[in-house]
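The sequence shown runs -21 to -1, 1 to 450 under mature numbering (1 follows the signal peptide of the UniProt record, and there is no 0). All C-beta atoms, glycine included, are put in the ideal place defined by N, C-alpha and C. What follows is a single structure, written as structure tokens, with notes after it.
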Amino acid sequence: MSTYILAGAAALTLGCMVGYQQSTSQWVEVKTTTTKPMATNIRSLGISSTVPSNLVQMRAAPQRPAFVEVREQSSLPSLQFLAGTGAILAAGCMMMRSWFSTVKQSEELIDIQASAGSAWSMASSSASPNLGAGKTVRIATRKSPLAMWQAEFIQSELERLWPGIKVELQPMSTKGDKILDSPLAKVGGKGLFVKELENALLEQRSDIAVHSTKDVPMELPDGLVLGIICKRHDPCDAIVFPKGSTMKSLDDLPKGARVGTSSLRRQCQLLLTRPDLQFLELRGNVNTRLAKLDSGDYDAIILAAAGLKRLGFTDRVLPGETNIIDPHAMLPAAGQGALSIELRTDDPLMMDLLMPLHHVPDAVTVVCERAMNRRLSGGCQVPISGFAVLKDGQLRMEARVGSVCASGPLIIKHKTIPFAMEGKPWPALQKEAEALGVEVADMLLASGAQAYLDEAYTKQDVGVGLAASKN
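Listed below in structure tokens is the structure:
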């Protein structure tokens, strides 16, 4: 029972006691018909019930004679009467406040329970006319379990937003999915995981393509746009150990440990603090990589934390998330943890259908990171990392570039600017965020990053793990 109800009950008791004492001298019985109890509806208070009549009409009840007041000649009400009336009014105010509070708490509880039932949900139900009723949306996606989870997630969001919409998934294999016996940096080229999906869009065999944003090239084909950036999930990397291992974090790796990762970005940053580590190539989908880890091929592997969580590998995320690597120790890839949707520029109706999925605050950080990467012509061959944070009215962008041959130190630059979002349309916010990304990229170039970039694109066999082992 709340404090307000207790206080209200005390005040009500006091009012009744004083009122009763007053009634013994101020009220007399008269012969008249009995008065029926009055039921008071309080829907205006947000409570769909009826207040018991004995709380509202203290002196009118069935089977009792009515009373009339016989006033004294004094022009002022008695002190007792005022005290009783005041106490009753106080009781009513306190009880109503308690009722309001209870209703509000109930509504909040419902919201919490609803959101808990859909932990990944990101879009609010649209109040606009149902644009999706009777419409079919074809989603191009890769065939991997993670890619299918992501496409199915967007499917469920669209079906929740637009009742009556039909969403079809179109799984496809990409070049990056087919070539599993070579490091991505050696395969070369851009768009290893998206080109086939983009062709389906351009040929109008698909309407949209769902991507892990970090896999999307910085330059898109004419006629396509990365128009939707969804709410970002965990952007960090995770170091994963074999089942049964007692290791809990990066610091627990023994000297000379075999670490599986094909990412030059991850290799380059780890060497700063652990030059003793051996890096081994790691390809395949998340399930395949975990199976290789458990079979003894590696002492640990590094994966994106968001992928582990999306696929439900909760046993691979240790208590307290001790194996999630702090972004200061390993800066994520541009766009890591965010889903994005690519579509044709000549399909404005599709953009309207998708717009409720566009999460502006996270989109600001993602376009900032991608602008930096675009300025540096980043891709799988270059160890570039970038991570932006929007907080307390400020946008901070940090980027790093390393040498694929460990020929020099990691170059790190960052900048923070005031960033007000209120009242600004998305194109203006995008332009401002991208300008910061380009500025940070120019800071890297001014500090010698171009030499690292040239080195990466001219080397055939790249991999800082190999270079470090020769030193």
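Just checking my contact of T240 with L269 at CB under 8 Å: how many whole Å lie between their CB atoms?
Residue mapping note: residue 240 aligns to position 261 of the sequence shown, counting from 1. Residue mapping note: residue 269 aligns to position 290 of the sequence shown, counting from 1. Actually they are not in contact, since the Cβ atoms of T240 and L269 sit about 14 Å apart, beyond 8 Å.
Among A385, H190, G291, the one whose alpha carbon lies nearest that of M151
Numbered from its first residue, the sequence shown carries residue 151 at position 172. The residue with the shortest Cα to Cα distance from M151 is H190.
Could you check if A425 is buried or exposed, using at least 16 other CB atoms within 10 Å of its CB as the buried criterion?
Along the sequence shown, read from residue 1 onward, the residue named residue 425 stands at position 446. Under this definition A425 is an exposed residue.
Could you tell me which residues DSSP pairs with R379 in its beta bridges?
Position 400 of the sequence shown holds residue 379. Answer by DSSP bridge pairing, in chain order: S364, I391.
Is A342 closer than 7 Å to I187 when the C-beta atoms are compared?
As a first step, residue 187 must be located in the sequence shown, where it is residue number 208. As a first step, residue 342 must be located in the sequence shown, where it is residue number 363. Taking 7 Å as the Cβ cut-off, I187 and A342 do not qualify as a contacting pair.
Between which two residues does the alpha helix (DSSP H) carrying V133 extend?
Looking up residue 133 in the sequence shown gives position 154. It should be pointed out that residue 133 corresponds to Ile in this sequence rather than to Val. From DSSP, the alpha helix (DSSP H) with I133 extends over 124 to 140.
List the residues that DSSP assigns as beta-bridge partners of P254.
Against the sequence shown, residue 254 aligns to sequence position 275. None; P254 has no bridge partner.
If we ignore side chains and look at the alpha-carbon of each, how far apart do R245 and I396 end up?
Here residue 245 refers to the residue found at position 266 of the sequence shown. Here residue 396 refers to the residue found at position 417 of the sequence shown. Between R245 and I396, the C-alpha separation is close to 27 Å.
Express the C-alpha separation of G416 and E182 in angstroms, rounding to a whole number.
Position 203 of the sequence shown, counting from 1, holds the residue named residue 182. Position 437 of the sequence shown, counting from 1, holds the residue named residue 416. Those two C-alpha atoms are separated by around 33 Å.
Through-space distance from L243 to I390, alpha-carbon basis:
To locate residue 390, count along the sequence shown from 1; it is residue 411. To locate residue 243, count along the sequence shown from 1; it is residue 264. Going by the C-alpha atoms only, they are around 14 Å apart.
Under 8 Å by Cβ, that's how I've got Q248 and L310 pegged, so tell me the actual separation to the nearest angstrom.
On the sequence shown, residue 248 is found 269 positions in, with the first residue counted as 1. On the sequence shown, residue 310 is found 331 positions in, with the first residue counted as 1. That belief holds up - the Cβ atoms of Q248 and L310 are roughly 7 Å apart, short of 8 Å.
For L205, does the count of other Cβ atoms within 10 angstroms reach 16, so buried, or fall short, so exposed?
Within the sequence shown, the letter at position 226 stands for residue 205. It is buried - the Cβ of L205 has at least 16 other Cβ atoms within 10 Å.
Take every Cβ of the segment 210 to 220, pair it with every Cβ of the segment 269 to 289, and state whether three or more of those distances are shorter than 8 Å.
yes
Let me check understanding here. Comparing Cα to Cα, which of A317, A313, G275 lies closest to F132?
Position 153 of the sequence shown, counting from 1, holds the residue named residue 132. Considering only alpha carbons, the answer is A317.
Taking C-alpha atoms, which residue in L110, L176, W128 lies nearest to R117?
To locate residue 117, count along the sequence shown from 1; it is residue 138. When only C-alpha atoms are compared, the closest one is L176.
Using CA atoms only, rank isn't needed, just tell me which of T115, V219, K174 is closest to P200.
If you number the sequence shown from 1, residue 200 lands on position 221. Ranking the options by Cα distance to P200, first place goes to K174.
Opposite T120 in the DSSP bridges: which residues?
Working through the sequence shown from its first residue, we reach residue 120 at position 141. For T120, which the question treats as bridged, DSSP gives the partners P150.
Alpha-carbon to alpha-carbon, K114 and E136
Taking the first residue of the sequence shown as 1, we reach residue 136 at position 157. Taking the first residue of the sequence shown as 1, we reach residue 114 at position 135. Their backbone Cα atoms lie some 15 Å apart in a straight line.
Of the listed residues A236, P306, T293, G202, nearest to D278 (C-alpha basis)
What you label residue 278 is simply residue 299 of the sequence shown in a count that begins at 1. Out of A236, P306, T293, G202, A236 has the C-alpha closest to the C-alpha of D278.
Take the Cβ of K410 as the centre, count every other Cβ of all protein chains shown within 10 Å, and call the residue buried at 16 or more, exposed below.
One-based indexing of the sequence shown puts residue 410 at position 431. With fewer than 16 other Cβ atoms within 10 Å, it is exposed.
Look at the Cβ atom of F220, then the Cβ atom of D194, and state whether they are nearer than 7 Å.
As a first step, residue 220 is located in the sequence shown; it is residue number 241 there, counting from the start. As a first step, residue 194 is located in the sequence shown; it is residue number 215 there, counting from the start. No; because the gap between Cβ atoms is not below 7 Å, this pair is not in contact.
Per the DSSP calculation, K370 is bridged to which residue(s)?
Here residue 370 refers to the residue found at position 391 of the sequence shown. Looking at the DSSP assignment, K370 forms a beta bridge with Q373.
Could you work out which residue in I320, L328, A407 is closest to L336 when comparing CA atoms only?
One-based indexing of the sequence shown puts residue 336 at position 357. Ranking I320, L328, A407 by Cα distance to L336 puts I320 first.
Assign D201 to one of three DSSP states: helix, strand, or coil.
The residue labelled residue 201 in the question sits at position 222 within the sequence shown. If DSSP states are grouped into helix, strand and coil, D201 belongs with coil.
Buried/exposed call for Q373, threshold 16 Cβ in 10 Å
Within the sequence shown, the letter at position 394 stands for residue 373. When all chains shown are included, Q373 counts as exposed.
Rounded C-alpha distance that separates M400 from R379
Position 421 of the sequence shown, counted from the first residue, corresponds to residue 400. Position 400 of the sequence shown, counted from the first residue, corresponds to residue 379. Answer to the nearest angstrom: the Cα atoms are 27 Å apart.
For V219, name the three-state secondary structure that DSSP assigns.
Within the sequence shown, numbered from 1, the residue matching residue 219 stands at position 240. Strand.
In angstroms with no decimal places, state the Cα-to-Cα distance between K227 and L251.
For this step, residue 227 is matched to residue 248 along the sequence shown. For this step, residue 251 is matched to residue 272 along the sequence shown. Each residue's alpha carbon lies about 20 Å from the other.
Sorted by chain position, which residues of the same chain lie with C-beta nearer than 7 Å to A447's C-beta, five sequence neighbours on each side aside?
Looking up residue 447 in the sequence shown gives position 468. Here the model assigns A447 a pLDDT of 45, short of 50, so the residue's position is not dependable, and the following value carries that caveat. These residues qualify, in order along the chain: L250, P254, A385.
Since I believe V339 is in contact with L408 (beta carbons under 8 Å), could you give me their beta-carbon distance rounded to a whole number of angstroms?
The count along the sequence shown starts at 1 and reaches residue 408 at position 429. The count along the sequence shown starts at 1 and reaches residue 339 at position 360. With 8 Å as the limit, L408 and V339 qualify as a contact, their Cβ atoms being about 7 Å apart.
Please state whether DSSP places P397 in a helix, a strand or coil.
One-based indexing of the sequence shown puts residue 397 at position 418. Here P397 sits in strand by DSSP.
Quick one: Cα of A435 to Cα of I363, how far?
Indexing the sequence shown from 1 puts residue 435 at position 456. Indexing the sequence shown from 1 puts residue 363 at position 384. The alpha-carbon atoms of A435 and I363 are separated by roughly 11 Å.
Rounded to whole angstroms, what's the CA-CA distance from E300 to P108? Just pull it up for me.
Translated into positions along the sequence shown, residue 300 becomes position 321. Translated into positions along the sequence shown, residue 108 becomes position 129. The straight-line gap from Cα to Cα measures roughly 42 Å.
On the criterion of 16 or more Cβ atoms from any shown chain inside 10 Å, does residue 493 qualify as buried, or is it exposed?
With the chain running from -21 to 450 in the structure shown, residue 493 is simply not present.
Would you kindly report the start and end of the unbroken beta strand (DSSP E) that includes V189?
By 1-based counting over the sequence shown, the position of residue 189 is 210. Segment 187 to 191, the beta strand (DSSP E) holding V189.
With H, G and I counted as helix, E and B as strand and the rest as coil, what does DSSP make of T344?
Within the sequence shown, residue 344 is the residue found at index 365, counting from 1. Correct three-state label for T344: helix.
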